[in-house]
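**Q** Below is one structure. I have some questions about it.
There are 2 protein chains.
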Amino acid sequence: MFITIPQADLTTGVLTVHRAVATNSTIPALTGILLKAENDRLIFMASDNEISISSSVKATVDTPGGIILPARYLLDIVRKIPGGDIKIQVERSNWTASITWGRSQFIVHGLEPEQFPKILFESGSEGVKIGQSKIKDMIRGTAFAVAQNESRPVLTGELLEILPSEVRMVAIDGVRLAMAKAEISWSGAAQRAVIPGRAANEVSRLLSSDLAQECTLSATENQVFFDLGETRFVSRLLEGQFPPYEQIIPSKFRTQVSLSTQDFHDACERASLLSVDNDRTIKIEAKEDLLVITSSTPEVGKVREELECSVEGDALEIAFNARYLIDGLEAINSEKVLFQANGPYSPCCIKPSDNENNIYVAMPLRTLGD
Amino acid sequence: MFITIPQADLTTGVLTVHRAVATNSTIPALTGILLKAENDRLIFMASDNEISISSSVKATVDTPGGIILPARYLLDIVRKIPGGDIKIQVERSNWTASITWGRSQFIVHGLEPEQFPKILFESGSEGVKIGQSKIKDMIRGTAFAVAQNESRPVLTGELLEILPSEVRMVAIDGVRLAMAKAEISWSGAAQRAVIPGRAANEVSRLLSSDLAQECTLSATENQVFFDLGETRFVSRLLEGQFPPYEQIIPSKFRTQVSLSTQDFHDACERASLLSVDNDRTIKIEAKEDLLVITSSTPEVGKVREELECSVEGDALEIAFNARYLIDGLEAINSEKVLFQANGPYSPCCIKPSDNENNIYVAMPLRTLGD
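The listed protein sequences correspond, in order, to chains A and B. Numbered per the numbering used here, the first sequence spans residues 25 to 394. Numbered per the numbering used here, the second sequence spans residues 25 to 394.
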């Protein structure tokens with residue numbers, strides 16, 4: 025292999041795939057990045073056997089070929105080399121790569137490309153086309169609610185559901201649920217897949233916020249594929265039955281409060297500052313046109329925050345882990361939010377006032393007085 | 025105490041002093057920030073018995089008075105409150121402060137102000153006037169060379185020397201020395217003080233980079249005082265004899281290399297990337313108009329960097345811990361640097377090519393071949 029590539033493109037390629045590199049693997053090839061030069065492109069590939077990323081950039085290929093280079097050193101090197109053209113030449117007799125520019129030369133020991141596992145980056149079936157920014161928004165609106173503990177492994181992932189007219193993502197961690205939806209036009213069969221939480225976060229880093237950029241999404245029985253054009257991402261799926269989430273979302277409410285998302289969020293944050301128990305308990309009272317948030321810790325102090333709002337239905341007194349409300353409110357993109365409740369002991373719902381694209385459900389806290 | 029203060033000023037005051045708060049003290053008052061309202065100003069004060077900071081901002085004082093508030097909560101609160109006027113009212117019966125704005129109220133438990141230790145923020149003698157940015161530069165150019173281990177406690181500090189025409193700061197950690205100087209006009213007696221490394225870094229955060237801002241510097245037998253106007257900083261001094269640093273700085277050289285500071289720095293950084301031993305060994309060869317930096321680690325690879333330079337005197341072959349060279353070069357503000365050596369086993373010197381304000385001395389490494 026002998027190629028010439030602008031430093032910026034080399035850096036982009038390495039940075040795009042490096043998050044899939046295994047940090048700790050008994051298979052040396054997985055701690056490296058595969059470089060493959062062919063047809064005037066340099067392809068980068070990394071995998072930790074759970075997620076895999078491939079990315080391709082333009083390069084001047086004098087001699088096609090490939091090598092696996094240790095990710096740790098390659099990442100350090102591309103971050104420190106100056107702009108301009110970089111030449112990479114592979115010596116097959118001892119599998120070293122010479123990386124040169126100006127009057128600098130790195131010689132890095134690698135592995136022969138054949139040691140890299142064969143990875144399928146295509147599902148083989150037709151996928152769903154959807155804007156990258158839409159998936160990014162859906163992950164932002166749900167990934168925080170993925171379960172952190174492994175007691176029910178399937179809950180450490182997000183359900184991805186492809187339906188004829190919409191894509192849904194759902195995360196449930198036992199005390200709350202976050203769902204996000206996006207419209208699609210899709211004539212294929214409905215699909216369900218549970219994507220590991222880490223994979224959802226990693227693919228989100230690759231997705232563009234640019235509304236015009238599209239992604240093709242498809243799944244097989246045990247893998248999900250995101251085709252972003254030059255970059256492809258594949259993850260294994262989690263096994264197990266994802267809970268019937270629709271039953272968890274309440275459909276009727278005794279109280280509905282409408283108020284500013286930002287003000288509600290900021291007030292919850294402030295009220296939680298003096299709430300030093302593990303639950304970060306805050307209390308919410310809604311009556312007529314007023315929402316009052318309070319918290320109190322003996323020896324430390326107390327907070328009272330009043331917010332304008334409009335209340336429909338019954339007056340409400342309820343306690344929450346502030347973190348749960350804050351997370352839910354951060355997932356809402358709309359200026360106004362609906363906060364819906366069925367008394368102090370039933371799950372509450374938070375959703376944008378002007379669309380149904382995000383739904384967040386959280387259990388209130390039972391406080392000592394209950 | 026009852027005052028009104030713009031949120032921005034309250035935040036500035038808390039953020040200015042909070043780094044002096046004791047994170048872990050058996051004296052509760054030291055884990056707090058003292059607020060004192062008098063003469064249309066609010067004074068903030070914090071101390072951990074090693075360093076102390078006081079800062080004063082304008083406020084509307086209806087009733088003078090004071091309170092000590094827990095730094096941890098106060099810091100969280102000022103970071104989260106929105107802009108606008110904040111009212112702080114102290115209830116002396118139970119030493120609580122009510123912090124209110126708009127429709128929000130915090131009530132925070134504090135301590136009576138008398139529990140805060142009496143701290144002297146003035147030396148009592150006339151001080152030296154010097155630009156804040158000059159001290160900031162001197163600390164930046166030396167503090168990195170303060171000893172990290174406590175085997176010789178005096179070396180965990182920086183020597184501050186006030187001489188008739190200049191101020192000097194010097195740090196020595198056993199294998200290297202960094203000195204910085206600034207001109208002053210001063211008719212008082214010469215002074216020497218050893219400032220703890222942490223204190224130097226903390227006062228540096230308070231110093232302005234604005235060339236017009238002045239600082240008055242003075243020392244007593246066991247304290248050093250920095251008067252920045254609204255903000256005052258005092259630190260205890262380290263005891264013990266600081267080594268006679270002038271003997272460490274070589275005065276003659278067999279080789280002098282002149283080259284670009286940035287290029288030398290970047291090449292050392294890159295050469296160190298594949299140098300994975302603890303010493304991060306890199307080798308430097310200087311001959312005629314060429315400086316060659318190499319490093320090599322079996323199994324990993326090797327680097328060769330060539331730089332244009334001008335060499336006076338003998339050719340040179342020398343080995344270094346790359347970190348030591350990089351630190352020294354980062355302390356140099358000039359475009360060009362002089363690298364001066366007396367063969368491979370004697371200390372080398374790095375200094376700006378156009379002034380004597382910074383001098384850095386580092387011991388080379390003896391490599392296996394020696």
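Where is the CB? At the ideal position from N, CA and C, for every residue including glycine.
How close, in whole Å, do the beta carbons of Ile-163/A and Ser-228/A come, if the pair is a contact with beta carbons under 8 angstroms?
**A** Counting from 1 along the first sequence, the entry for residue 163/A is found at position 139. Counting from 1 along the first sequence, the entry for residue 228/A is found at position 204. Contact holds; Cβ gap of about 4 angstroms.
**Q** So, Ala-121/B versus Leu-93/B, is the Cβ gap smaller than 8 angstroms?
**A** The residue you call residue 121/B lines up with position 97 of the second sequence. The residue you call residue 93/B lines up with position 69 of the second sequence. Their beta carbons are under 8 angstroms apart, which means Ala-121/B touches Leu-93/B by this criterion.
**Q** Considering only C-alpha positions, which residue in the set Ser-80/A, Glu-74/A, Ser-71/A is nearest to Arg-65/A?
**A** Residue numbering aside, residue 65/A sits at position 41 when the first sequence is read from its first letter. Per the Cα distances, Ser-80/A.
**Q** Using a Cβ cut-off of 8 angstroms, pull out every chain B residue sitting near Asp-313/A, in sequence order please.
**A** Within the first sequence, residue 313/A is the residue found at index 289, counting from 1. Within 8 angstroms Cβ-Cβ: nothing; Asp-313/A doesn't reach chain B, min ~12 angstroms.
**Q** Between which two residues does the alpha helix (DSSP H) containing Ile-272/B stretch?
**A** Counting from one through the second sequence, the residue named residue 272/B turns up at place 248. Premise fails: Ile-272/B is in no alpha helix (DSSP H) and is neither H nor E.
**Q** Is there contact here, the segment 358-368 of chain A with the segment 71-79 of chain B, by at least three beta-carbon pairs under 8 angstroms?
**A** Proximity of the segment 358-368 of chain A to the segment 71-79 of chain B falls short of the contact definition, fewer than three beta-carbon pairs being nearer than 8 angstroms.
**Q** Go ahead and label Asn-345/A buried or exposed: buried means 16 or more other beta carbons lie within 10 angstroms of its beta carbon, across all protein chains shown.
**A** On the first sequence, residue 345/A is found 321 positions in, with the first residue counted as 1. Asn-345/A is buried by the Cβ-count criterion.
**Q** Nearest by alpha-carbon distance to Ser-282/A: which of Ile-112/A, Cys-373/A, Pro-106/A is it?
**A** The residue you call residue 282/A lines up with position 258 of the first sequence. Minimum Cα distance to Ser-282/A is reached at Cys-373/A.
**Q** Can you list, in chain order, the residues of its chain with a C-beta nearer than 8 angstroms to that of Ser-16/A? Leave out the 5 residues immediately preceding and following it.
**A** Nothing can be reported for residue 16/A: it is not among the residues displayed for chain A, which extend from 25 to 394.
**Q** For a test of the three-state rule: what should DSSP assign to Glu-138/A, helix, strand or coil?
**A** Indexing the first sequence from 1 puts residue 138/A at position 114. In the structure shown, Glu-138/A sits in a helix (DSSP, three-state: H, G or I).
**Q** Using the C-alpha atoms, what's the distance from Ser-275/A back to Leu-261/A?
**A** Here the question's residue 261/A lines up with position 237 in the first sequence. Here the question's residue 275/A lines up with position 251 in the first sequence. Their backbone Cα atoms lie some 30 angstroms apart in a straight line.
**Q** Going by C-alpha distance, which of Phe-68/B, Ile-51/B, Asn-48/B is nearest Ile-29/B?
**A** In the second sequence, the residue the question calls residue 29/B occupies position 5. Of Phe-68/B, Ile-51/B, Asn-48/B, the residue nearest in Cα terms is Phe-68/B.
**Q** Rounding to the nearest angstrom, what Cα-Cα distance links Ser-128/A and Asn-246/B in this structure?
**A** Locating residue 128/A in the first sequence gives position 104, counting from the first residue. Locating residue 246/B in the second sequence gives position 222, counting from the first residue. Approximately 52 angstroms between the Cα atoms of the pair.
**Q** Among the candidates Arg-200/B, Ser-189/B, Ser-319/B, whose CA atom is the shortest distance from the CA of Gln-271/B?
**A** Here residue 271/B refers to the residue found at position 247 of the second sequence. Checking every option, the nearest Cα to that of Gln-271/B belongs to Arg-200/B.
**Q** When you compare the CB of Phe-363/A with every CB in chain B, is at least one pair closer than 8 angstroms?
**A** In the first sequence, residue 363/A corresponds to position 339, counting from 1. It does not: the Cβ of Phe-363/A has no partner Cβ on chain B nearer than 8 angstroms.
**Q** In the DSSP output, which residue or residues are listed as bridge partners for Glu-62/A?
**A** The residue given as residue 62/A occupies position 38 in the first sequence. Partner(s): Arg-65/A.
**Q** Going along the segment 120-136 of chain A in order, which residues come within less than 8 angstroms of chain B, judged by CB to CB distance?
**A** Thr-120, Arg-127, Ser-128, Gln-129, Phe-130, Ile-131, Val-132, His-133
**Q** What residues in its chain sit with their C-beta under 7 angstroms from that of Ala-461/A, if we drop five residues either side in the sequence?
**A** There is simply no residue 461/A to check, as chain A begins at 25 and stops at 394 in what is shown.
**Q** What residue range is occupied by the uninterrupted beta strand (DSSP E) comprising His-133/A?
**A** As a first step, residue 133/A must be located in the first sequence, where it is residue number 109. Residues 128-133.
**Q** Can you tell me which of Gly-212/B, Leu-230/B, Pro-188/B, Phe-257/B puts its alpha carbon nearest to the alpha carbon of Glu-146/B?
**A** Here the question's residue 146/B lines up with position 122 in the second sequence. Considering only alpha carbons, the answer is Phe-257/B.
**Q** So which residues of chain A does Tyr-97/B contact, with C-beta pairs closer than 8 angstroms?
**A** For this step, residue 97/B is matched to residue 73 along the second sequence. Under the 8 angstroms cutoff, chain A gives Leu-297, Leu-298, Val-324, Gly-325.
**Q** Spell out a yes or no on whether the segment 315-326 of chain B and the segment 128-139 of chain A are touching, meaning 3 or more CB-CB pairs, one atom from each, closer than 8 angstroms.
**A** yes
**Q** Since Tyr-384/B is in the beta strand (DSSP E), which residue starts that stretch and which ends it?
**A** Residue numbering aside, residue 384/B sits at position 360 when the second sequence is read from its first letter. Where Tyr-384/B is concerned, the enclosing beta strand (DSSP E) stretches over 382-386.
**Q** May I ask you to report which of helix, strand or coil DSSP gives Ala-83/B?
**A** Here residue 83/B refers to the residue found at position 59 when the second sequence is read from its first residue. Ala-83/B: coil per DSSP, three-state reduction.
**Q** For a contact meaning CB atoms closer than 9 angstroms, what does Lys-104/B contact in chain A?
**A** The residue given as residue 104/B occupies position 80 in the second sequence. Within 9 angstroms Cβ-Cβ: Asp-290, Glu-293, Arg-294, Leu-297.
**Q** Just the C-alpha distance for Gln-34/A and Val-102/A, rounded to the nearest angstrom, thanks.
**A** If you number the first sequence from 1, residue 34/A lands on position 10. If you number the first sequence from 1, residue 102/A lands on position 78. Note on identity: in this sequence residue 34/A is Leu, with Gln being the wrong assignment. Looking at the two C-alpha atoms, the distance is approximately 7 angstroms.
**Q** Would you please verify whether the beta carbon of Asp-351/B is less than 8 angstroms from any beta carbon of chain A?
**A** Mapped onto the second sequence, residue 351/B falls at position 327. Not an interface residue.
**Q** Is the beta carbon of Ala-95/A closer than 8 angstroms to that of Ile-51/A?
**A** For the purposes of this step, residue 51/A is identified with residue 27 of the first sequence, where counting begins at 1. For the purposes of this step, residue 95/A is identified with residue 71 of the first sequence, where counting begins at 1. No, these two residues do not count as a Cβ contact at 8 angstroms.
**Q** Quick test of the definition: if touching needs 3 or more C-beta pairs under 8 angstroms, does the segment 346-357 of chain B touch the segment 165-174 of chain B?
**A** yes
**Q** Between Arg-390/B and the ligand FAD, is there a pair consisting of the residue's CB and a ligand heavy atom that are separated by less than 7 angstroms?
**A** You won't find the ligand FAD in this model; it holds no ligand whatsoever.
**Q** Quick one: which unbroken beta strand (DSSP E) runs of 3-plus residues sit fully inside the segment 138-210 of chain B? Chain order, please.
**A** Counting whole runs of 3 or more residues, the segment 138-210 of chain B contains the beta strand (DSSP E) stretches 152-155, 181-186, 190-196, 200-207.
**Q** Determine whether the Cβ of Arg-328/B lies closer than 8 angstroms to any Cβ atom of chain A.
**A** For the purposes of this step, residue 328/B is taken as the residue at position 304 of the second sequence. For Arg-328/B, the answer is yes, since a Cβ of chain A falls inside 8 angstroms of its Cβ.
**Q** So, using beta-carbon positions, are Asp-338/B and Thr-279/B closer together than 8 angstroms?
**A** Walking along the second sequence from the start, residue 338/B turns up at place 314. Walking along the second sequence from the start, residue 279/B turns up at place 255. A contact, by the Cβ cut-off of 8 angstroms.
**Q** Could you name the residues of chain B that Asp-100/A contacts, counting a contact when the two beta carbons are closer than 8 angstroms?
**A** Here residue 100/A refers to the residue found at position 76 when the first sequence is read from its first residue. Here the neighbours are Leu-297.
**Q** Among Asn-225/A, Ala-214/A, Asp-290/A, which residue has its Cα nearest to the Cα of Arg-347/A?
**A** Against the first sequence, residue 347/A aligns to sequence position 323. Out of Asn-225/A, Ala-214/A, Asp-290/A, Asp-290/A has the C-alpha closest to the C-alpha of Arg-347/A.
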